[in-house]
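Reviewing the structure listed below.
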Amino acid sequence: MATTTAANNFVMRLIGAAALDVAIYEEVEADRTATGQALAVVLLSSLAAGIGARGLGGGSVQSIIFISIVALLLWAAWALVTFEIGARLMPEPQTHTDVGELLRTIGFATTPGLLRVLAVITPIAIPVFALSAVWMLAAMVVAVRQALDYQHTTRAIAVCVLGWVLAVTMAVVLGLFFGPTLS
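If you want it as structure tokens, here you go:
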């Protein structure tokens with residue numbers, strides 16, 4: 001007799017993703033219906049960055065929108081670079097993935113980014129952004145390891161750090177050329 005287990009609800013997935021729970025990342029990797037949930041997490045995390053940036057001096061509506069868009073583009077760049085590096089340049093023999101699996105897992109890896117909204121409290125803005133960035137990087141490592149079926153975390157770390165550096169570089173360049181001027 002086959003047994004099935006019910007999938008976790010959205011909130012439980014968020015908690016599990018933030019807790020770096022491997023089982024949650026495996027669950028969302030396999031659940032094609034979780035794509036919308038992963039997109040929602042990415043959008044909410046990007047919006048949290050825009051709102052939280054008020055604590056760093058970005059108080060105008062235009063700044064909030066701009067920073068939210070940059071955060072979203074940064075995630076998209078990170079996702080694309082991670083897929084190319086992890087699935088095409090550095091796969092292991094057992095690596096079997098498609099874009100959807102990777103996008104779902106790394107979408108949920110942005111869960112710690114929801115905390116960036118707390119950066120509206122100016123005295124803690126920089127620590128909130130720093131902590132959430134490191135936490136998202138750790139979540140990304142778990143997500144990539146599961147989605148790309150890596151045997152060793154070291155390879156997932158290399159893929160994520162390299163992807164993150166390239167994506168941040170792209171975001172900085174975009175910010176320099178298209179960002180609002182600070183007066």
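Taking the numbering used here, I'd label the letters of the sequence shown as residues 1 to 183.
Quick reminder that beta carbons are idealized off the backbone N, C-alpha and C, glycines included.
Remember, it's a predicted structure, so these values are computed and weren't measured experimentally.
Residues in the same chain with beta-carbon distance under 6 Å from A77, minus the five sequence neighbours each way, listed in chain order, please. Within the sequence shown, residue 77 is the residue found at index 77, counting from 1. Hits under 6 Å: A167, M170.
If you drop the 5 nearest sequence neighbours on each side, which residues of the same chain put their C-beta closer than 7 Å to that of V159? Translated into positions along the sequence shown, residue 159 becomes position 159. T82, I85, G86, M90, V144.
Could you tell me whether the Cβ atoms of E101 and A147 are closer together than 8 Å? Within the sequence shown, the letter at position 101 stands for residue 101. Within the sequence shown, the letter at position 147 stands for residue 147. Taking 8 Å as the Cβ cut-off, E101 and A147 qualify as a contacting pair.
Pairing CB atoms from the stretch 96 to 112 with CB atoms from the stretch 42 to 60, are three or more of them under 8 Å? yes
Could you tell me the distance, in whole angstroms, from the CA atom of T33 to the CA atom of M140? Numbered from its first residue, the sequence shown carries residue 33 at position 33. Numbered from its first residue, the sequence shown carries residue 140 at position 140. Computed Cα separation, rounded: 20 Å.
DSSP on G175, reduced to helix/strand/coil? Start at 1 with the first residue of the sequence shown, and residue 175 comes out as number 175. In the structure shown, G175 sits in a helix (DSSP, three-state: H, G or I).
Which ranges does the alpha helix (DSSP H) cover as unbroken runs of at least 4 residues, wholly within the stretch 56 to 132, from first to last along the chain? 61 to 83, 99 to 108
Whole-angstrom distance between S63 and L80, CA atom to CA atom: Taking the sequence shown and counting its residues from 1, the one referred to as residue 80 is at position 80. Taking the sequence shown and counting its residues from 1, the one referred to as residue 63 is at position 63. Between L80 and S63, the C-alpha separation is close to 25 Å.
DSSP state of A48, grouped into three classes? The count along the sequence shown starts at 1 and reaches residue 48 at position 48. In this structure, A48 counts as helix in the three-state DSSP scheme.
Pick helix, strand or coil for L20, following the three-state DSSP scheme. Residue mapping note: residue 20 aligns to position 20 of the sequence shown, counting from 1. It is coil, neither helix nor strand.
When the Cα atoms are used, what is the spatial distance from I51 to L118? What you label residue 51 is simply residue 51 of the sequence shown in a count that begins at 1. What you label residue 118 is simply residue 118 of the sequence shown in a count that begins at 1. Their Cα atoms are separated by approximately 9 Å.
In whole angstroms, give me the CA-to-CA distance for V120 and V128. Working through the sequence shown from its first residue, we reach residue 120 at position 120. Working through the sequence shown from its first residue, we reach residue 128 at position 128. Rounded to whole angstroms, V120 to V128 spans 9 Å at the Cα level.
Looking at A49: is its Cβ nearer than 8 Å to the Cβ of A71? For the purposes of this step, residue 49 is taken as the residue at position 49 of the sequence shown. For the purposes of this step, residue 71 is taken as the residue at position 71 of the sequence shown. Taking 8 Å as the Cβ cut-off, A49 and A71 qualify as a contacting pair.
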